[in-house]
Amino acid sequence: MPRILLIEDETAIADTVLYALSTEGFEAQHVTLGSAGLQALRATSFDLVVLDVGLPDASGFEICRQLRTFSDMPVIFLTARAGEIDRVVGLEIGADDYLTKPFSPRELVARIRVILRRTARQNNGVGEQAAPNLFHVDEEKARISHGQQPLDLTRYEFLLFKTLLAQPERVFSREQLMQQVWTAPDHSLERTVDTHIKTLRAKIKAGGAPDPIRTHRGIGYSFSFKP
Ligand code: CA
0 MPRILLIEDE TAIADTVLYA LSTEGFEAQH VTLGSAGLQA LRATSFDLVV
50 LDVGLPDASG FEICRQLRTF SDMPVIFLTA RAGEIDRVVG LEIGADDYLT
100 KPFSPRELVA RIRVILRRTA RQNNGVGEQA APNLFHVDEE KARISHGQQP
150 LDLTRYEFLL FKTLLAQPER VFSREQLMQQ VWTAPDHSLE RTVDTHIKTL
200 RAKIKAGGAP DPIRTHRGIG YSFSFKP
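Numbering that gives the first Met the number 0 puts the first residue of the sequence shown at 0, with every later residue one more than the last.
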């Protein structure tokens, strides 16, 4: 259930929004002050914030600016005057959307859904936010490139790296790598994996890329986007 924080001092508006959110399957928390909102945002995780621009203790812009120092959570502004929001754009404050009062709660829910779908997609795209995967596997040419630069790999190094790349962050045991890569594993030792990982690493580094292969002591190896 997506969790929404509503920061809004007008209770009439807050009530209709909270009602709409609960009937649409959202879990909502409501505070009337910006300071209480920031406190809640630091204490628990939410999926999205609906933030009134005109709050009694601070402007919604200021609250958003403070939020951005510790979170990139999506923000929808509620504003009394359309003119207010130009400032948001001007300040590049990092809002995802805004609604001008009066608005229909249904419209707000629809906008929330759009943003949550977008963030879910971004989070599912592996490494899309951390670092892009610069390694490209060309199956037909049995070649892996870093950017535009093909790595000069042997057949086993290619197969080994291809296996790791296919499932980022997954830790493979040497045994699993043996089975995936070496078609006749009986004549090889697990040490063979280590040897090939070593030469593979050297070639990736020689190609100018930071070493993306993690050693998991006593277990095996993984490919990671994280530096
Ligand atoms: Ca207000």
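The beta carbon of each residue, even a glycine, is placed where N, CA and C say it ideally should be.
Query	Result
Grab me the residues of R41's own chain with a C-beta within less than 8 Å of its C-beta, minus the 5 sequence neighbours each way, in chain order.	F69
What is the C-beta distance between I62 and L37, in whole angstroms, given that I count them as a contact (C-beta under 8 Å)?	6 Å
Closer than 5 Å from C-beta to any heavy atom of ligand 1: which residues, in chain order?	D8, D51, G53
Which of the three DSSP states, helix, strand or coil, is assigned to Q148?	strand
Considering only C-alpha positions, which residue in the set L54, K100, S172, G206 is nearest to R216?	S172
If you follow the beta strand (DSSP E) that V192 is part of, which residue opens it and which one closes it?	Here V192 belongs to no beta strand (DSSP E); instead the alpha helix (DSSP H) covers 190-205.
Does K161 pass the burial test, meaning 16 or more other C-beta atoms within 10 Å, or should it be called exposed?	buried
Would you please state the rounded distance, in angstroms, between the beta carbons of T78 and V52? I believe it to be under 8 Å.	4 Å
To the nearest whole angstrom, what separates the beta carbons of D56 and P1, a pair I think is in contact under 8 Å?	D56 to P1, Cβ: 27 Å. No contact.
Helix, strand or coil for T78? Go by DSSP, reduced to three states.	strand
If you run the structure through DSSP and keep just helix, strand and coil, what is V108?	helix
Quick one: what does DSSP say I12 is sitting in, helix, strand or coil?	helix
If you draw a straight line from the C-alpha of L135 to the C-alpha of L150, how long is it?	Leu is not the amino acid found at residue 135; the sequence shown has His there. Rounded to the nearest angstrom, the two C-alpha atoms are 10 Å apart.
Contact criterion: CB-CB distance below 7 Å. Does M177 meet it with respect to chain D?	Within the model displayed, chain D is absent; a lone protein chain is all it includes.
Note the first and the last residue of the continuous beta strand (DSSP E) segment covering G219.	219-222
Could you tell me if G33 is buried or exposed, where buried requires 16 or more neighbouring beta carbons within 10 angstroms of its beta carbon?	buried
Grab me the residues of A208's own chain with a C-beta within less than 6 Å of its C-beta, minus the 5 sequence neighbours each way, in chain order.	H145
Taking the runs of the beta strand (DSSP E) that are 3 residues or longer, which of them lie wholly in the region 47-76?	47-51
Among residues of its own chain, excluding the 5 on either side of A165, which ones have a beta-carbon nearer than 6 Å to its beta-carbon?	none
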